[in-house]
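Read through the structure below, which is laid out as structure tokens, and then see the notes.
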Amino acid sequence: MLDIKFIRENKGAVKKAIEDKGVGLDLEKLLKLDEKRVDLAQEIEKLNAEKNKLNNEMKSVKPQGGHALGSAENKDEVIAKGKEVKEKLSKFDPEYKKVKQEYNELMLLVPNIPATDVPIGESDKDNEEISKWGNIPEFNFEIKDHVELGKSLDLIDLEKGVKTSGFRGYYLKNEAVYLHMAVMMHALAKMQEKEFNMMIAPTVVRDFALTGSGHFPEGKEEIYQLANPGKDEKGTEMKDKFYLAGTSEPSLLAYYASRTFNEDELPIKACGFSQCYRSEIGSYGKDTKGLYRVHEFMKVEQIVICKADIKESDKWQNEMKEIAEEMLQDLKLSYRIVNACTGDMGTGKYRMYDIETWMPSRNSYGETHSDSSLTDWQARRLNMKYKDKDGNVKHVYTLNNTVIASPRILIAILENYQKKDGSVEVPKVLRKYMPGGIKIISPR
4 MLDIKFIREN
14 KGAVKKAIED
24 KGVGLDLEKL
34 LKLDEKRVDL
44 AQEIEKLNAE
54 KNKLNNEMKS
64 VKPQGGHALG
74 SAENKDEVIA
84 KGKEVKEKLS
94 KFDPEYKKVK
104 QEYNELMLLV
114 PNIPATDVPI
124 GESDKDNEEI
134 SKWGNIPEFN
144 FEIKDHVELG
154 KSLDLIDLEK
164 GVKTSGFRGY
174 YLKNEAVYLH
184 MAVMMHALAK
194 MQEKEFNMMI
204 APTVVRDFAL
214 TGSGHFPEGK
224 EEIYQLANPG
234 KDEKGTEMKD
244 KFYLAGTSEP
254 SLLAYYASRT
264 FNEDELPIKA
274 CGFSQCYRSE
284 IGSYGKDTKG
294 LYRVHEFMKV
304 EQIVICKADI
314 KESDKWQNEM
324 KEIAEEMLQD
334 LKLSYRIVNA
344 CTGDMGTGKY
354 RMYDIETWMP
364 SRNSYGETHS
374 DSSLTDWQAR
384 RLNMKYKDKD
394 GNVKHVYTLN
404 NTVIASPRIL
414 IAILENYQKK
424 DGSVEVPKVL
434 RKYMPGGIKI
444 ISPR
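Last residue of the sequence shown? That's 447 in my numbering, and every number before it is there in order.
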């Protein structure tokens, strides 16, 4: 969400952001609603002032009628005026509420203005590569993809997963379970070392958390809703809607919602560990094989809340990117970083870097991390503010990035670390988390 004053004064920039990001928003309609909203609010304010004035005058009328001690000539005149004001309010109040609701709905669609270094484009094909790390491995044998390795090493069962959970279902088995958790443990250890506030974040969240983070209203189809909301402590069926979050970002941000910090409390660095759920409706027919795009996975996420300073925000975006890079460098996995274009970055993003890890079976890089800066776009939705050193109250800036997500990262590990005999080497950095320090996963 952007400040309406900014939208009015920067109509051209907002319109361009709408076009560049492909957002379905009629800006002219929003501005007309805003104008009508302001007019109605002013009219209602005048009527309420008149109503209060008449109430005070009514108190000053003599009990037996006659002339008022105040400005009203008589009781009947005050009553007649009060009735007229009440009728006008009964007309304007519902109209204002209707206009305000429509205005609020459109305000949630207003995109953030992208940074000047963000490429203009429609899809991930228009993203610009900015750096690479590591050497792409060369194999002197015919490689297997992670699905084949999963079968031969008895690590992954997709058939039973589909039978149990439907399309994109899977089971991780045997050493894959430990490898999966080893990646998570290494990520958590790294974030503790970086002095982030560690949390196991809720997966079941209310609407406000997803609206606040920007996953609603756009992207709502990607979120699972619970069919049964359950009952409260009194045994009454809950009326709220509950959803399964696709990342811990919404619940981490919601933890700090509706607060005003002192500047010396910033930055806030938080790390969330959670199970994640995504319907992947928007990816129908895409990446249907294996573990690349699944409905259920684990993820370690990082967020930063900082003061409203773009240099400060840019610094944190780079630092968060470096943390993700450290994870991949620890695993000795080759990757590249791309600057996401306007059509691929999302409505609320100021800038987004995608980190893509080399996956041999795809003969290409696959996205494993997204490092995003959102300036005050989320903070306005979640009412997150701070008081600066001069006593001025401002909205904070927010950022987020993946630390690691699995099982997608297992694709890169299994495929890059496979050996000619069909075995898979466990990355050295993960061996301390494996039972008995397992170094090699061998065929059954």
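For each residue, glycine too, the CB sits at the ideal point set by N, CA and C.
query, result
"Around the Cβ of VAL88, are there at least 16 other Cβ atoms within 10 angstroms (buried) or fewer (exposed)?", "buried"
"Going by Cα to Cα distance, which pick from ASN55, MET348, ILE308 is closest to GLU125?", "MET348"
"Can you list, in chain order, the residues of its chain with a C-beta nearer than 7 Å to that of ALA185? Leave out the 5 residues immediately preceding and following it.", "LEU433, TYR436, MET437"
"Please classify GLY68: does DSSP put it in a helix, a strand, or coil?", "With a pLDDT of 48 at GLY68, under the threshold of 50, the modelled position of this residue cannot be trusted; read the value that follows with caution. In this structure, GLY68 counts as coil in the three-state DSSP scheme."
"Is it buried or exposed, ALA75, if we count other Cβ atoms within 10 angstroms and call 16 or more buried?", "Here the model assigns ALA75 a pLDDT of 45, short of 50, so the residue's position is not dependable and the matter cannot be decided."
"Please state whether the Cβ-Cβ distance between LEU111 and VAL26 is less than 8 Å.", "no"
"Taking the alpha carbon of SER282 as the point to measure from, which residue in GLY275, ARG296, ALA273 has its own alpha carbon closest?", "ARG296"
"If you count every other CB in all the chains shown that lies within 10 Å of the CB of GLU12, and 16 or more means buried, which is it?", "exposed"
"Taking the CB atoms as reference points, tell me whether ALA192 and SER251 lie closer together than 8 Å.", "no"
"Just to confirm, are GLU132 and VAL427 a CB contact at a threshold of 8 Å?", "no"
"On a CA-only basis, which of GLU162, HIS189, GLU268, LEU336 is nearest SER367? Give me that one, please.", "LEU336"
"Runs of 4 residues minimum, wholly inside the stretch 6-80: which ones carry the alpha helix (DSSP H) assignment?", "7-12, 14-24, 30-63"
"ILE326 by DSSP, collapsed to three states: which one?", "helix"
"Does ASN403 come out as helix, strand or coil in the three-state DSSP assignment?", "strand"
"Going by DSSP, what residues sit across from GLN228 in a beta bridge?", "TYR246"
"Going along the chain, which residues of its own chain have a beta-carbon closer than 7 Å to the beta-carbon of ALA327, five neighbours each way excluded?", "ILE358, HIS372, ASP374, ASN404, THR405, VAL406"
"By the DSSP assignment, the alpha helix (DSSP H) with SER216 in it spans what residues?", "210-216"
"Please state if the CB of LEU255 and the CB of GLU325 are separated by a distance shorter than 8 Å.", "no"
"Which whole-angstrom value describes the C-beta separation of LEU229 and PHE245, a residue pair presumed to lie in contact below a C-beta threshold of 8 Å?", "5 Å"
"For ARG354, does the count of other Cβ atoms within 10 angstroms reach 16, so buried, or fall short, so exposed?", "buried"
"What does the Cβ neighbour count give for ARG447, buried or exposed, with the cut at 16 atoms within 10 Å?", "exposed"
"Mapping the DSSP letters down to three states, classify HIS183 as helix, strand or coil.", "helix"
"Please classify GLN2: is it buried, with 16 or more other beta-carbons within 10 angstroms of its beta-carbon, or exposed?", "Because the chain in this structure spans residues 4 to 447, residue 2 falls outside the shown range and cannot be described."
"DSSP has LYS388 in a bridge; who is on the other side?", "THR263, HIS398"
"VAL307 by DSSP, collapsed to three states: which one?", "strand"
"So VAL429 and ILE441 are in contact, right, with Cβ under 8 Å, and what is the actual spacing, rounded?", "6 Å"
"Could you tell me which of GLN104, VAL150, ASP160, ASP6 sits nearest to PRO114, measuring between CA atoms?", "ASP6"
"Can the beta-carbon of MET201 be found less than 8 Å from the beta-carbon of MET194?", "yes"
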